[in-house]
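Encoded as structure tokens, the structure appears first; notes follow it.
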Amino acid sequence: MLVPALWVALIMFVGNFSDCGMSDPMIRRPLVMSMLVGLALGDLRTGIMMGASLEVIFLGISGIGGAMPSDSMTGSIFGTAFAILNHQGVAVALSLAVPISLLAVFINQLVIFVRGLLLTFFEKYAEEDKPKAIERLQYLSIVGGPLVYALIGFLGIYLGSGSISALVHSIPQVIMNGLTVLGQMLPALGIALLLNMIYEKGNMIYLLLGFLLSCYLKLPIIAVALIGIILAVILSSIDKNILDVKNMTTSKKAAATEQNDDQDSLEEDFFND
Amino acid sequence: MTNQVTKSDEKTMDKKTFRKVFWRSFLLQGSWNYINGAGVGALYMILPFIRKLYPNPEDKPQRVSALKRGMAYFNITPAIAPFPMGIAASMEEQNKKLADFDPSSINAVKASLMGPLSGIGDSLFWGTIRVIAAGIGIGLAKAGNILGPILFLLIYNIPNLLARYYGLKYGYELGGDFIQKAYENGLLKIITKAAGILGMIMVGAMTYSTVTLKTILKFKMGSMTFNLQQILDQIMLGIIPLSVTLATFFLIRKKVSANKIILLMVVLSFVLSALKVF
Numbered sequence: 367m368l369v370p371a372l373w374v375a376l377i378m379f380v381g382n383f384s385d386c387g388m389s390d391p392m393i394r395r396p397l398v399m400s401m402l403v404g405l406a407l408g409d410l411r412t413g414i415m416m417g418a419s420l421e422v423i424f425l426g427i428s429g430i431g432g433a434m435p436s437d438s439m440t441g442s443i444f445g446t447a448f449a450i451l452n453h454q455g456v457a458v459a460l461s462l463a464v465p466i467s468l469l470a471v472f473i474n475q476l477v478i479f480v481r482g483l484l485l486t487f488f489e490k491y492a493e494e495d496k497p498k499a500i501e502r503l504q505y506l507s508i509v510g511g512p513l514v515y516a517l518i519g520f521l522g523i524y525l526g527s528g529s530i531s532a533l534v535h536s537i538p539q540v541i542m543n544g545l546t547v548l549g550q551m552l553p554a555l556g557i558a559l560l561l562n563m564i565y566e567k568g569n570m571i572y573l574l575l576g577f578l579l580s581c582y583l584k585l586p587i588i589a590v591a592l593i594g595i596i597l598a599v600i601l602s603s604i605d606k607n608i609l610d611v612k613n614m615t616t617s618k619k620a621a622a623t624e625q626n627d628d629q630d631s632l633e634e635d636f637f638n639d
Numbered sequence: 006m007t008n009q010v011t012k013s014d015e016k017t018m019d020k021k022t023f024r025k026v027f028w029r030s031f032l033l034q035g036s037w038n039y040i041n042g043a044g045v046g047a048l049y050m051i052l053p054f055i056r057k058l059y060p061n062p063e064d065k066p067q068r069v070s071a072l073k074r075g076m077a078y079f080n081i082t083p084a085i086a087p088f089p090m091g092i093a094a095s096m097e098e099q100n101k102k103l104a105d106f107d108p109s110s111i112n113a114v115k116a117s118l119m120g121p122l123s124g125i126g127d128s129l130f131w132g133t134i135r136v137i138a139a140g141i142g143i144g145l146a147k148a149g150n151i152l153g154p155i156l157f158l159l160i161y162n163i164p165n166l167l168a169r170y171y172g173l174k175y176g177y178e179l180g181g182d183f184i185q186k187a188y189e190n191g192l193l194k195i196i197t198k199a200a201g202i203l204g205m206i207m208v209g210a211m212t213y214s215t216v217t218l219k220t221i222l223k224f225k226m227g228s229m230t231f232n233l234q235q236i237l238d239q240i241m242l243g244i245i246p247l248s249v250t251l252a253t254f255f256l257i258r259k260k261v262s263a264n265k266i267i268l269l270m271v272v273l274s275f276v277l278s279a280l281k282v283f
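As they're listed, the protein sequences go chains W and X. Going by this note's numbering, the first residue of the first sequence is number 367, and it counts up by one from there. Going by this note's numbering, the first residue of the second sequence is number 6, and it counts up by one from there.
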């Protein structure tokens, strides 16, 4: 287990580093992380397919403003690694990934907490005019978090894989069926969370449009995206026209009231005289 | 507030400094924490610019106040961050040039842009581009195609890089005036709305392709067997995925936590699969 553990540690490092050191170019998403795990552990195809299933589940879960309800990266890496190392199906791996991702949030909280403590030093360096020291601490802070993740990745695989595999082998069929259904149902949560992010009053109708396009017309997702772009451009150009008219009338009104003000002040001047 | 870039004398942001600030923008989130957001990262990002602005030892007081100012609380969609930082840089330059410039306006502009720009950035990058990228990526990856993850990264990161590069460039060149105008006259709202519409369409399409629940329930009526899924398909295709997703969305709107919903789903899937519904 030493070699797989080292690989997983490296992938954990890269994934977390991409978040804080590369401004999150989506490398830490399940789609990419599971592929890398598959590549490293010798089953690329399973890795890619696991990534697709996990990406759907974690689609709505994002780290906006630092509030992260679950750590999709750690969950996906461990889920995929265990699935490949123990030769388990996707359903079992999915059911492992979700609880792991919930637990792993605590690692993230710990790292953020420690970074908060560094703030005193940053403030001190700014006060003392030491930009070099600010840079050095920033680099340390960027590498520190990923190192914690790498350590957890190594220990999780090195110590955990054997016991998890024994556990997985003893699961009865009824539970396996339940896990499969769960795997089909969990994506609904991911999508609902995403929906919550972009939902605004009145735009639910567009969800239905996208659904019908892919369900009845069987359009591929790229076609749906292109139709969506065209529709968004049309609608926003209408909005733009309305806005232009509105701005024009309000500026006219403003000009008119200004004129009135001028007259008022003239009158005042007249009466004051 | 005067923040137009005076183009007569040479700019502090030369090509070399621009390149440095651009690359540093990727390390913005490095020291992210709850107290300061990405404030430290924002300072780290424009440090080369501050150095260029105040290079001499005798500039120390101005440099120290610029350092302290640059570290104020800052939190924004990372891909959008170079834009307000470009504005902040151009304002720092004004601050040095103009005697009556109020330096507190730099952070005021940064803070007032954070909200609306994050709104547009989140819905554009998280709600739209990422969803399109993921939709296409998942579609291919489901079949084990390596193009899935690769296209996913490309579709997200090309706009990401362009927004960073041109955001920094135009932010610095335009100063704060332009965006505040767009915010006030409502143009930003339109862009956000359009991004939201596109996002909803994509989410709708993905609901069908990713929530794959199908019922296996069968009724026997005399010699006839009714397959429930077939009946449902005649009413509306994909009615189960759509209702399950909307029901989940309803629970989230009712402020039920994601963890509770997961728990509910675990219970439901075991009970329903034991009852042979799914």
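From the three backbone atoms N, C-alpha and C, an ideal C-beta is built for every residue, glycine too.
{"Check": "Would you verify that the beta carbon of Met-378(W) is, or is not, closer than 7 Å to some beta carbon of chain X?", "Outcome": "no"}
{"Check": "Counting pairs of Cβ atoms below 8 Å between the region 463-470 of chain W and the region 486-497 of chain W, do you hit three or more?", "Outcome": "no"}
{"Check": "Any Cβ of chain X within less than 7 Å of the Cβ of Asp-610(W)?", "Outcome": "no"}
{"Check": "Output, in sequence order along the chain, the residues in the region 555-579 of chain W whose CB is closer than 9 Å to any CB in chain X.", "Outcome": "Leu-555, Gly-556, Ile-557, Ala-558, Leu-559, Leu-560, Leu-561, Asn-562, Met-563, Ile-564, Tyr-565, Glu-566, Asn-569, Met-570, Ile-571, Tyr-572, Leu-573, Leu-574, Leu-575, Gly-576, Phe-577, Leu-578, Leu-579"}
{"Check": "Can you give me the C-alpha to C-alpha distance between Pro-315(W) and Val-398(W), rounded to a whole angstrom?", "Outcome": "Chain W is shown from 367 up to 639; residue 315(W) falls before or after that span and cannot be answered."}
{"Check": "Measuring alpha carbon to alpha carbon, tell me which of Val-45(X), Gln-34(X), Gly-35(X), Tyr-49(X) ends up nearest Val-26(X).", "Outcome": "Tyr-49(X)"}
{"Check": "Hey, would you say Ile-196(X) sits closer than 7 Å to Ile-125(X), going by beta carbons?", "Outcome": "yes"}
{"Check": "Closer than 7 Å, CB to CB, is Phe-488(W) near chain X or not?", "Outcome": "yes"}
{"Check": "Provide the residue span of the alpha helix (DSSP H) that contains Met-416(W), from first to last.", "Outcome": "410-423"}
{"Check": "Is Glu-98(X) close to the ligand MN? I mean its beta-carbon at under 6 Å from any heavy atom of the ligand.", "Outcome": "Among the components of this structure there are no ligands whatsoever, and the ligand MN is therefore not found."}
{"Check": "Show which residues of chain W have a CB atom less than 7 Å away from the CB atom of Tyr-213(X).", "Outcome": "Phe-577, Ser-580, Cys-581"}
{"Check": "Quick check: the Cα distance between Ile-588(W) and Ile-137(X), rounded to an integer number of angstroms?", "Outcome": "8 Å"}
{"Check": "Would you tell me roughly how many angstroms separate the C-alpha atoms of Leu-560(W) and Asp-127(X), rounded to the nearest one?", "Outcome": "11 Å"}
{"Check": "Spatial neighbours of Gln-34(X) within its chain, please: CB distance less than 8 Å, with the 5 preceding and 5 following residues excluded, ordered by chain position.", "Outcome": "Ala-43, Gly-46, Pro-83"}
{"Check": "With a threshold of 7 Å between beta carbons, is Leu-129(X) in contact with chain W?", "Outcome": "no"}
{"Check": "Does Thr-250(X) come within less than 7 Å of chain W when only Cβ atoms are used?", "Outcome": "yes"}
{"Check": "Is the CB-CB distance between Ser-438(W) and Gly-417(W) below 7 Å?", "Outcome": "no"}
{"Check": "From Leu-503(W) to Leu-484(W), what does the alpha carbon distance come to, in whole angstroms?", "Outcome": "8 Å"}
{"Check": "From Leu-578(W) to Lys-21(X), what does the alpha carbon distance come to, in whole angstroms?", "Outcome": "51 Å"}
{"Check": "Compute the distance between the beta-carbons of Phe-275(X) and Gly-404(W), then report whether it is under 7 Å.", "Outcome": "no"}
{"Check": "How about Ala-433(W): is its C-beta nearer than 7 Å to some C-beta of chain X?", "Outcome": "Any reading at Ala-433(W) is ruled out, since the residue's pLDDT is 43, under 50, leaving its predicted position unreliable."}
{"Check": "Compare the beta carbon distance of Gly-511(W) and Asn-382(W) with 7 Å and say whether it is the shorter of the two.", "Outcome": "yes"}
{"Check": "Spell out the partners DSSP gives Lys-225(X) in its beta bridges.", "Outcome": "Thr-230(X)"}
{"Check": "In angstroms, rounded to a whole number, what distance separates the CA positions of Ala-554(W) and Gly-144(X)?", "Outcome": "17 Å"}
{"Check": "Any beta-carbon of chain W closer than 7 Å to the one on Gln-67(X)?", "Outcome": "no"}
{"Check": "For Gly-153(X), which residues in chain C fall below 7 Å Cβ to Cβ?", "Outcome": "This model lacks chain C altogether, as its protein chains are W and X."}
{"Check": "Quick check: the Cα distance between Phe-88(X) and Leu-601(W), rounded to an integer number of angstroms?", "Outcome": "26 Å"}
{"Check": "Exposed or buried, what is Asn-232(X) when buried is set at 16 or more other beta-carbons lying within 10 Å of its beta-carbon?", "Outcome": "exposed"}
{"Check": "Could you tell me whether the region 89-97 of chain X touches the region 170-178 of chain X, using the rule of 3 or more Cβ pairs below 8 Å?", "Outcome": "yes"}
{"Check": "Can a CB atom of chain X be found closer than 7 Å to the CB of Gly-522(W)?", "Outcome": "no"}
{"Check": "For Asn-312(X), which residues does DSSP report across the bridge?", "Outcome": "An answer regarding residue 312(X) cannot be provided, because it is not within the stretch 6 to 283 covered by chain X."}
{"Check": "Is it the case that the Cβ atoms of Gly-149(X) and Ile-564(W) are separated by a distance below 7 Å?", "Outcome": "no"}
{"Check": "What residues from the region 233-259 of chain X come within 9 Å of chain W, judged by C-beta to C-beta, listed N to C?", "Outcome": "Met-241, Leu-242, Gly-243, Pro-246, Leu-247, Val-249, Thr-250, Leu-251, Ala-252, Thr-253, Phe-254, Phe-255, Leu-256, Ile-257, Arg-258"}
{"Check": "Taking the DSSP output, what are the residues bridged to Phe-79(X)?", "Outcome": "Gly-42(X)"}
{"Check": "So which residues of chain X does Pro-512(W) contact, with C-beta pairs closer than 8 Å?", "Outcome": "Within chain X, no residue comes near Pro-512(W); the closest Cβ sits about 11 Å away, beyond 8 Å."}
{"Check": "Listing by chain order, which chain W residues have their CB less than 9 Å from the CB of Phe-31(X)?", "Outcome": "Gly-387, Met-388, Ser-389, Pro-391"}
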